[in-house]
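Just so you know, we're using the working numbering here: the sequence shown kicks off at 31 and counts up by one.
Here a beta-carbon is modelled for each residue, glycine too, at the ideal position from N, C-alpha and C.
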Amino acid sequence: MAETVTPAAQDIPPPRSTRRERSGWYLYDWANSAFQTTVITVFLGPFLTSVAKLAAGCEPGADECSGYVYPLGVKVAPGSYYPYLITLSVLLTVFVLPVIGAIADRSLHKKRLLAATAYTGAAATIGMLFVTGDRYLLGGALFIIANISFGAALVVYNSFLPQLGGPEERDAISSRGWALGYLGGGLLLALNLVVVQSFDNGTTERTLDLARWSIVSAGLWWAAFTLVPLRWLREHPTAAALAAGGRGNVLTDGFRQLGRTVRGMKAYPLTLFFLLAFLIYNDGIQAVITLASVYGIEELRLSQSTLIVTILLVQFLAFGGALGLGALAGRIGAWKTVLLSLVLWTAVIGAAFWLPAEAPLPFMVLGAAIGLVLGGSQALSRSLFSQLIPAGKEGEYYGFYEISDKGTSWLGPAAFGLVFQLTSSYRLGLVSLLIFFVVGFLLLLAVPIRRAIVAAGNTPPRVL
31 MAETVTPAAQ
41 DIPPPRSTRR
51 ERSGWYLYDW
61 ANSAFQTTVI
71 TVFLGPFLTS
81 VAKLAAGCEP
91 GADECSGYVY
101 PLGVKVAPGS
111 YYPYLITLSV
121 LLTVFVLPVI
131 GAIADRSLHK
141 KRLLAATAYT
151 GAAATIGMLF
161 VTGDRYLLGG
171 ALFIIANISF
181 GAALVVYNSF
191 LPQLGGPEER
201 DAISSRGWAL
211 GYLGGGLLLA
221 LNLVVVQSFD
231 NGTTERTLDL
241 ARWSIVSAGL
251 WWAAFTLVPL
261 RWLREHPTAA
271 ALAAGGRGNV
281 LTDGFRQLGR
291 TVRGMKAYPL
301 TLFFLLAFLI
311 YNDGIQAVIT
321 LASVYGIEEL
331 RLSQSTLIVT
341 ILLVQFLAFG
351 GALGLGALAG
361 RIGAWKTVLL
371 SLVLWTAVIG
381 AAFWLPAEAP
391 LPFMVLGAAI
401 GLVLGGSQAL
411 SRSLFSQLIP
421 AGKEGEYYGF
431 YEISDKGTSW
441 LGPAAFGLVF
451 QLTSSYRLGL
461 VSLLIFFVVG
471 FLLLLAVPIR
481 RAIVAAGNTP
491 PRVL
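Written out as structure tokens, the structure is:
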């Protein structure tokens with residue numbers, strides 16, 4: 031049965047934004063992606079592990095370390111320090127992001143909030159310059175601050191998307207931003223890897239120095255390019271913020287508003303159902319990204335250089351993939367395109383199971399396939415969710431969206447680890463991730479997307 035659009039939804043004019051403003055929004059993706067690629071994906075884990083080994087009295091390059099570090103009096107093996115930091119930052123993020131979103135929706139000066147969160151993260155990243163010797167506690171504290179700030183800034187940044195274009199434009203806008211993010215993150219990572227390959231003499235001290243400066247460069251990149259969106263974006267205060275007129279305390283009002291939103295979310299069950307589907311399939315995507323290097327080294331016995339080349343291949347092809355799937359969404363709709371991308375992800379997992387060991391080329395080809403589907407599936411999920419948010423609650427709902435993106439990213443690795451523990455097979459561990467894509471596909475397929483958009487009070491695009 032054809033869906034009807036309510037008169038209230040039809041009467042809402044599409045947002046107006048300039049090309050300059052949209053370009054500024056795209057460039058924040060370019061700015062912050064350096065943190066994700068250079069810091070999280072490549073350098074920070076090995077760097078902090080090495081610093082923790084020094085603090086434990088072990089050689090950083092040694093495979094075995096019998097010593098321990100004691101953050102806050104807790105006995106921790108150096109190799110477990112970084113994973114525990116990730117877990118702690120994720121738990122804290124779950125509480126912080128919805129509050130940041132509520133504050134953004136109540137503020138007349140959302141750009142200031144973007145600046146505060148982004149520059150807090152960038153400053154903490156640059157502060158890694160002082161993580162020398164055995165200062166593992168300083169490194170851990172800075173990472174937690176940077177990672178939480180990274181997620182908080184993304185909530186504020188994403189909340190601008192519904193104000194930058196109407197229903198027909200958001201898929202393209204989101205895809206361009208995501209594409210530029212992959213391009214910028216890949217460019218800085220490539221520059222850092224060139225420097226590392228050129229100046230690393232094999233000593234532990236030099237390796238740590240190069241890793242430290244690579245991390246710092248990501249903070250500088252993040253800070254420098256954030257200046258552009260802060261200058262070019264315009265404020266788009268919500269009706270609630272305009273009604274308050276800047277009176278009252280934004281923080282306490284934000285907490286109160288968050289409570290009202292949580293209680294009122296039951297009025298939008300289809301939006302929540304979409305979030306559940308996203309939580310499942312996105313966790314599969316994040317697990318593939320996180321575990322690909324482990325699978326390549328441990329199961330396929332590939333070299334570190336092969337993995338680095340593949341990471342760069344994924345970054346640069348994701349640029350074209352995001353634009354390509356964005357263009358496809360313009361023809362068949364974002365909902366159908368995301369469903370198609372999940373089918374392609376399922377095929378990627380199946381192909382990865384059959385990859386031969388000690389064969390770099392097939393692994394790189396698979397990496398190319400991941401790159402082509404990765405950016406589009408993420409960018410279109412972001413724009414599709416923007417259609418399901420009640421007007422004026424963009425920040426709060428994107429806070430919950432980012433929790434679904436980051437706060438549950440342990441489910442896939444947990445499934446992988448459990449299957450490996452039971453079977454001692456990395457290949458079967460990888461196959462276990464299929465469940466996330468299959469279940470996520472079925473859940474997303476079950477969302478009556480046009481009805482969900484209308485139920486949120488929005489105008490559906492012509493094609494979905």
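Beta-carbon proximity of residue i to residue j, cut-off 8 Å
| i | j | result |
| --- | --- | --- |
| Y114 | T79 | no |
| S205 | G447 | no |
| G422 | D135 | yes |
| S47 | L217 | no |
| I301 | L418 | For the record, residue 301 in the displayed sequence is Thr; it is not Ile. Yes, they are a contact pair. |
| Y58 | Y187 | yes |
| L463 | A348 | no |
| L396 | A382 | yes |
| W208 | E51 | no |
| A146 | N62 | no |
| A307 | D201 | no |
| F65 | A248 | yes |
| V246 | M158 | yes |
| L191 | S416 | yes |
| I175 | T150 | yes |
| W55 | G211 | no |
| G425 | A132 | yes |
| A364 | L494 | yes |
| G351 | L337 | no |
| R481 | E198 | no |
| L305 | Y428 | no |
| F346 | L452 | no |
| D313 | G103 | no |
| G170 | P101 | yes |
| A357 | A253 | no |
| A387 | E328 | no |
| G215 | T67 | yes |
| L167 | F160 | no |
| G106 | R165 | It should be pointed out that residue 106 corresponds to Val in this sequence rather than to Gly. Taking 8 Å as the Cβ cut-off, V106 and R165 do not qualify as a contacting pair. |
Cross-strand partners of residue i (DSSP beta bridge)
| i | result |
| --- | --- |
| V496 | This structure leaves residue 496 out entirely; the chain is present only between 31 and 494. |
Reduced DSSP secondary structure (H/G/I, E/B, other) of residue i
| i | result |
| --- | --- |
| A145 | helix |
| F190 | coil |
| E198 | coil |
| D164 | coil |
| N312 | helix |
| Q40 | Only weak support is given to the placement of Q40: the predicted model assigns it a pLDDT of 41, under 50, and the question is left unresolved by the model. |
| N222 | helix |
| S47 | coil |
| L494 | coil |
| V477 | coil |
| L374 | helix |
| S455 | coil |
| L342 | helix |
| G363 | coil |
| A297 | helix |
| N62 | helix |
| V35 | In this predicted model, V35 has a pLDDT of only 40, less than 50, meaning its place in the structure is not dependable; the value taken from the coordinates is given anyway. In this structure, V35 counts as coil in the three-state DSSP scheme. |
| N177 | helix |
| D230 | coil |
| T489 | coil |
| E13 | Since the first residue shown for the chain is 31 and the last is 494, residue 13 is missing from the structure and cannot be characterised. |
| Y264 | In the sequence on display, residue 264 carries Arg and not Tyr. Coil. |
| G87 | coil |
| L138 | coil |
| S462 | coil |
Heavy atom of the ligand ATP within 7 Å of residue i beta-carbon
| i | result |
| --- | --- |
| Y114 | Ligands are entirely absent from the displayed structure, and the ligand ATP is therefore not among its contents. |
Checklist line | Every unbroken beta strand (DSSP E) inside the stretch 385-452 [3 residues or more] | finding: Whole beta strand (DSSP E) segments, 3+ residues: zero.
So, does the stretch 458-473 touch the stretch 371-381, judging by three or more C-beta pairs under 8 Å? Contact holds between the stretch 458-473 and the stretch 371-381, because three or more Cβ pairs, one in each stretch, are under 8 Å apart.
*Stretch-stretch touch, CB-based, cutoff 8 Å, three pairs: the stretch 220-235 with the stretch 118-138*: Inter-segment contact for the stretch 220-235 and the stretch 118-138 is absent: fewer than three beta-carbon pairs are separated by less than 8 Å.
Q: Check whether the stretch 225-232 touches the stretch 240-251, taking contact to mean three or more Cβ pairs, one atom from each stretch, closer than 8 Å.
A: Judged by Cβ distances under 8 Å, the stretch 225-232 makes contact with the stretch 240-251, as three or more pairs qualify.
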